[in-house]
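Everything on this sheet refers to the single structure shown next.
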Amino acid sequence: MSGKRISLIVNGESVKAEVLVNRLLSDFLRDDLALTGTKRGCETGVCGACSVLVDGDVVKSCLSLAAQVDGKTLTTVEGLGRIGDLHPLQESFMAHGGLQCGYCTPGFLLAAADLLSRNPDPQDAEIREALSGNLCRCTGYQGIVDAVRNVAESTHGN
Amino acid sequence: MREFEFLEPQTLTEALAMMSEYEDDACVYAGGTALLLAMRQRMLSPGFVVSLGKLDELREITFNPAEGLRIGALARHSDVARAPDVQAHYPMLAGMAGGLANPQVRNQGTIGGNLCYADPATDPPSCLIAMDAEVTIAGPGGERRLPMREFVVDFFTTALEPGEILTHITLPPPRPDRTGLYRRHLRTPAEHRPVANVALTFRDVNGVPEDVRLVIGAAVPVAQSMTRAEDFLTARAITLDVAAEAAAMVAEDIDPISDGRGEEAFRRQVVRAITRRILAEAAGLNWKDAAA
Numbered sequence: 001m002s003g004k005r006i007s008l009i010v011n012g013e014s015v016k017a018e019v020l021v022n023r024l025l026s027d028f029l030r031d032d033l034a035l036t037g038t039k040r041g042c043e044t045g046v047c048g049a050c051s052v053l054v055d056g057d058v059v060k061s062c063l064s065l066a067a068q069v070d071g072k073t074l075t076t077v078e079g080l081g082r083i084g085d086l087h088p089l090q091e092s093f094m095a096h097g098g099l100q101c102g103y104c105t106p107g108f109l110l111a112a113a114d115l116l117s118r119n120p121d122p123q124d125a126e127i128r129e130a131l132s133g134n135l136c137r138c139t140g141y142q143g144i145v146d147a148v149r150n151v152a153e154s155t156h157g158n
Numbered sequence: 001m002r003e004f005e006f007l008e009p010q011t012l013t014e015a016l017a018m019m020s021e022y023e024d025d026a027c028v029y030a031g032g033t034a035l036l037l038a039m040r041q042r043m044l045s046p047g048f049v050v051s052l053g054k055l056d057e058l059r060e061i062t063f064n065p066a067e068g069l070r071i072g073a074l075a076r077h078s079d080v081a082r083a084p085d086v087q088a089h090y091p092m093l094a095g096m097a098g099g100l101a102n103p104q105v106r107n108q109g110t111i112g113g114n115l116c117y118a119d120p121a122t123d124p125p126s127c128l129i130a131m132d133a134e135v136t137i138a139g140p141g142g143e144r145r146l147p148m149r150e151f152v153v154d155f156f157t158t159a160l161e162p163g164e165i166l167t168h169i170t171l172p173p174p175r176p177d178r179t180g181l182y183r184r185h186l187r188t189p190a191e192h193r194p195v196a197n198v199a200l201t202f203r204d205v206n207g208v209p210e211d212v213r214l215v216i217g218a219a220v221p222v223a224q225s226m227t228r229a230e231d232f233l234t235a236r237a238i239t240l241d242v243a244a245e246a247a248a249m250v251a252e253d254i255d256p257i258s259d260g261r262g263e264e265a266f267r268r269q270v271v272r273a274i275t276r277r278i279l280a281e282a283a284g285l286n287w288k289d290a291a292a
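Just so you know, the protein sequences line up as chains A and B, in that order. Residue numbering for the first sequence follows the UniProt record's numbering, beginning at 1 and increasing consecutively. Residue numbering for the second sequence follows the UniProt record's numbering, beginning at 1 and increasing consecutively.
Following this line, the structure appears as structure tokens:
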């Protein structure tokens, strides 16, 4: 099996790497780039814990090959905010009980970031639909929906 | 996942040559959302994965009032759902694509990949059949077109011959007097694959349906036109009783899948319910007004 040389932008930084062509994007991010904020959950495309943004669109990195993101721009949770400079969604998840164990949180944050980039003032039903590809077994979801709605309201001024 | 060679043709001609050269040992790779899972579970172990990622011309969605809509096979579900021409002229299709699976899969999975994988538990086939879609297939001998209703032939099986690649899906020009609805049934809101779905289109002649297409998907191995119910509904004003009678006919005429996600009897009842509801909705009636 041959490798493939890929060149991409991850969280604003240019990355060049040689990957095996059957390397999953989720494994590439975690094991090769040490970006362990992206979680491996079900690894079958159901739970959404591995969600990342590719060219601004949220996708599941366990359903993608690293070879597929050659030339693309990626954002993982590490690129969303940093300690001391958190993204408004991260602040809001904390303030509204949008997490407990935190394993699903990176995926939810990126799915929510994708939603708000397209629809800055979503209805609750739209928030729930946008997060329907992500599972949380702790919160019961209401805290997550509250967190996303609050960011929308505070940045949208209503 | 077993090892494979990852090929990235730069042109469709090159992709077709690869498919002809490696035949059964090659798989076309579009978005990868379904194929990658099958490969990781070793249900499929192709020696050559032919990625169409570089064939940008197959991502285009174009509309022309005289010729209709042409969707490249590599258009993602979210591309279809968000395309202004699709939203304006084919809202039924936009709604179907915008509700398929979940946002992450819509951002990566392609309409062509979905059709070629031919998993019954999905949305596009029934919707596209009811909209009189055709598919364009490129092969070593040139191009051919096929009605969508002839494309999927069995569980995970299409009419594609070895060496062929699906390139486009086309829909006829919209007709102002033709109306359509698509509805899916999920057991829970978090489920991503429908247990049953129904697509309905017809020509509205003063409130009476003509040229009716009523297609059931997901509950059956291959999306299926319900011809007896279509004939029954033609030139007959839809009342709640008519809707119930047509729905009973459909439930009787299907041969449902029976598996861990739904036994035959359950799927038959779901199909009956969603058929009755979509017919009532199409006629502007509230299905909750009638028991049964």
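Yeah, the Cβ is synthetic: ideal placement off N, Cα and C, and Gly gets one too.
Ignore the nearest five residues each way along the sequence and tell me which others in residue i's own chain have a CB closer than 6 Å to its CB.
| i | result |
| --- | --- |
| Arg268 of chain B | Ala251, Pro256 |
| Leu171 of chain B | Gly68, Leu69, Met131, Ala133 |
| Ala125 of chain A | none |
| Leu44 of chain B | Ala38 |
| Glu14 of chain B | none |
| Ala66 of chain A | Val19, Arg23, Leu25, Phe28 |
| Gly143 of chain A | His96, Gly97, Gly98 |
| His77 of chain B | Ala97, Leu100, Arg106, Gly109 |
Taking Cβ-Cβ distances shorter than 9 Å, what residues in chain A pair up with residue i?
| i | result |
| --- | --- |
| Glu5 of chain B | Met1, Ser2, Val21 |
Where does residue i sit, in a helix, a strand or coil, going by DSSP?
| i | result |
| --- | --- |
| Lys288 of chain B | helix |
| Val148 of chain A | helix |
| Thr275 of chain B | helix |
| Ile169 of chain B | strand |
| Gln41 of chain B | coil |
| Asp85 of chain A | strand |
| Cys27 of chain B | strand |
| Gln105 of chain B | Reading the sequence as shown, one finds Val at residue 105 of chain B and not Gln. Helix. |
| His77 of chain B | helix |
| Gln10 of chain B | coil |
| Glu210 of chain B | strand |
| Gly142 of chain B | strand |
Going along the chain, which residues of its own chain have a beta-carbon closer than 7 Å to the beta-carbon of residue i, five neighbours each way excluded?
| i | result |
| --- | --- |
| Arg187 of chain B | Val195 |
| Met249 of chain B | Arg228, Ala229, Phe232 |
When we look at the beta-carbon of residue i and count the other beta-carbons within 10 Å, is it buried (16 or more) or exposed?
| i | result |
| --- | --- |
| Ser117 of chain A | exposed |
| Arg272 of chain B | buried |
| Arg137 of chain A | exposed |
| Asn119 of chain A | exposed |
| Asp114 of chain A | buried |
| Asn11 of chain A | buried |
| Cys42 of chain A | exposed |
| Asn286 of chain B | exposed |
Closer than 7 Å by beta-carbon distance: list the chain B residues that pair up with residue i, in chain order.
| i | result |
| --- | --- |
| Ala130 of chain A | Pro103 |
| Ser51 of chain A | Gln104 |
| Lys39 of chain A | Simply none; closest approach about 14 Å. |
| Lys60 of chain A | Gln104 |
Do residue i and residue j have their C-beta atoms closer together than 8 Å?
| i | j | result |
| --- | --- | --- |
| Ile129 of chain B | Ala73 of chain B | no |
| Glu21 of chain B | Pro162 of chain B | no |
| Ala235 of chain B | Val208 of chain B | yes |
| Pro46 of chain B | Cys27 of chain B | yes |
| Leu33 of chain A | Leu80 of chain A | no |
| Phe151 of chain B | Leu115 of chain B | yes |
Tell me which same chain residues have a C-beta within less than 8 Å of the C-beta of residue i, skipping the five on either side of it?
| i | result |
| --- | --- |
| Gln100 of chain A | Cys138, Thr139 |
Counting only Cβ pairs nearer than 8 Å, list the residues of chain A close to residue i.
| i | result |
| --- | --- |
| Asn114 of chain B | What Asn114 of chain B touches in chain A: nothing, since even the nearest Cβ is about 14 Å away. |
| Ser78 of chain B | Asp57 |
| Ala190 of chain B | Ser132, Leu135 |
Starting from the beta carbon of residue i, find every residue of chain A whose beta carbon is closer than 7 Å, and list them in chain order.
| i | result |
| --- | --- |
| Met1 of chain B | Asn22 |
Closer than 8 Å by beta-carbon distance: list the chain B residues that pair up with residue i, in chain order.
| i | result |
| --- | --- |
| Gln68 of chain A | Gly32, Ser51, Gly53 |
| Ala111 of chain A | Pro103, Gln104 |
| Asp27 of chain A | What Asp27 of chain A touches in chain B: nothing, since even the nearest Cβ is about 10 Å away. |
| Gly79 of chain A | In chain order: nothing, as chain B lies at least about 17 Å away. |
Show which residues of chain B have a CB atom less than 9 Å away from the CB atom of residue i.
| i | result |
| --- | --- |
| Leu63 of chain A | Gly31, Gly32, Thr33, Ala34, Leu36, Leu37, Gln104, Val105, Gln108, Gly109 |
| Thr44 of chain A | Leu37, Arg40, Gln41 |
| Asp124 of chain A | Per Cβ cutoff of 9 Å: no residues; Asp124 of chain A is ~13 Å from chain B at best. |
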